[in-house]
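Peer 1: Questions regarding the structure given below will be posed in turn.
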Amino acid sequence: MTPWHSRLGYAGLIPFIGLSALALQSFPGASYWLLTYAALILSFLGGLLWCASLNRQVPTHALFVSVGVMIWAWVWLLMPQFSWYLPGAITFVLLWLYERIYLSDAYPREFMRLREWLTGLAALSLFLAGSFATPGV
């Protein structure tokens, strides 16, 4: 893993934090942008599982989890906007736990540490935005 992996990973938190702050201030569109970004990032994480399964570095069920995660993220976009926050935060944490339990040997230790921080902050951003944001904004 290079320093760029960490830098880009942490840079990916900027939209989570910034859009959560805007959602908390009832900025028009911020909730939709935040949750769409979260769905895209979750799909990206599912793609990482898909890629790892190509080399058979991970159990076969990781392939099915990768597809399930992407479909679940798409379903968010069909749900009423305000109901996305908690499922989104929980999904990020559950995916991280899945990777930690089943895939920790397949990924570099630094990557798992990075994922821990990124997942925690992304989930916290979604949770806080959902706890205090105005519905429908």
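Be aware that the sequence shown starts at 715, since it is given in the working numbering, and climbs by one per residue.
All residues carry an ideal CB built from backbone N, CA and C; glycine is no exception.
Computed from a prediction, not measured in an experiment: that's the story for all the values here.
(1) Taking Cβ to Cβ, would you say Tyr751 is nearer than 8 angstroms to Leu733?
(2) On the DSSP letters alone, give me the boundaries of the alpha helix (DSSP H) that Met784 sits inside.
(3) So does the segment 814-828 actually touch the segment 781-792, counting three or more Cβ pairs closer than 8 angstroms?
(4) Contact between the segment 773-792 and the segment 828-835 is defined here as three or more beta-carbon pairs at a separation below 8 angstroms; is this criterion met?
(5) Does the separation of the CB atoms of Ala744 and Tyr799 fall below 8 angstroms?
(6) Whole angstroms are fine: how far does the CA of Ala766 sit from the CA of Leu722?
(7) For Trp718, is the classification buried or exposed, using 16 other Cβ atoms within 10 angstroms of its Cβ as the cut-off for buried?
(8) Can you name, in chain order, every residue of its own chain whose Cβ lies under 8 angstroms from the Cβ of Met826, other than the five neighbours on each side?
(9) Taking the straight line between their C-alpha atoms, what separation do you get for Leu763 and Ala753?
(10) If you reduce the DSSP assignment to three classes, tell me which class Leu738 lands in.
(11) Going by beta-carbon coordinates alone, are Ala787 and Leu756 separated by less than 8 angstroms?
(12) Identify, in the order they occur along the chain, each residue of the same chain with its Cβ nearer than 6 angstroms to the Cβ of Met715, setting aside the five sequence neighbours on each side.
(13) Check Met715 in the structure and name its three-state DSSP category.
Peer 2: Walking through what the data contain:
(1) Here residue 751 refers to the residue found at position 37 of the sequence shown. Here residue 733 refers to the residue found at position 19 of the sequence shown. Less than 8 angstroms separates the beta-carbon of Tyr751 from that of Leu733.
(2) Within the sequence shown, residue 784 is the residue found at index 70, counting from 1. Its alpha helix (DSSP H) spans residues His775 to Trp790.
(3) no
(4) no
(5) On the sequence shown, residue 744 is found 30 positions in, with the first residue counted as 1. On the sequence shown, residue 799 is found 85 positions in, with the first residue counted as 1. Cβ distance not < 8 angstroms, so Ala744 and Tyr799 don't count as in contact.
(6) Along the sequence shown, read from residue 1 onward, the residue named residue 722 stands at position 8. Along the sequence shown, read from residue 1 onward, the residue named residue 766 stands at position 52. Distance between the alpha carbons of Leu722 and Ala766: 20 angstroms.
(7) Numbered from its first residue, the sequence shown carries residue 718 at position 4. Exposed, by the Cβ-count rule.
(8) Position 112 of the sequence shown, counting from 1, holds the residue named residue 826. Cβ neighbours of Met826 beyond the five flanking positions: Glu813, Arg814 and Ser818.
(9) Taking the sequence shown and counting its residues from 1, the one referred to as residue 763 is at position 49. Taking the sequence shown and counting its residues from 1, the one referred to as residue 753 is at position 39. Roughly 16 angstroms separates the two Cα atoms.
(10) Position 24 of the sequence shown holds residue 738. Here Leu738 carries a helix assignment [DSSP, helix/strand/coil].
(11) On the sequence shown, residue 787 is found 73 positions in, with the first residue counted as 1. On the sequence shown, residue 756 is found 42 positions in, with the first residue counted as 1. Yes, the pair counts as a contact, with Cβ atoms nearer than the cut-off.
(12) Counted from its first residue, the sequence shown places residue 715 at position 1. Pro822, Glu824 and Phe825, listed in sequence order.
(13) Residue 715 sits at position 1 when you count from the first residue of the sequence shown. In the displayed model, Met715 falls within coil according to three-state DSSP, outside both helix and strand.
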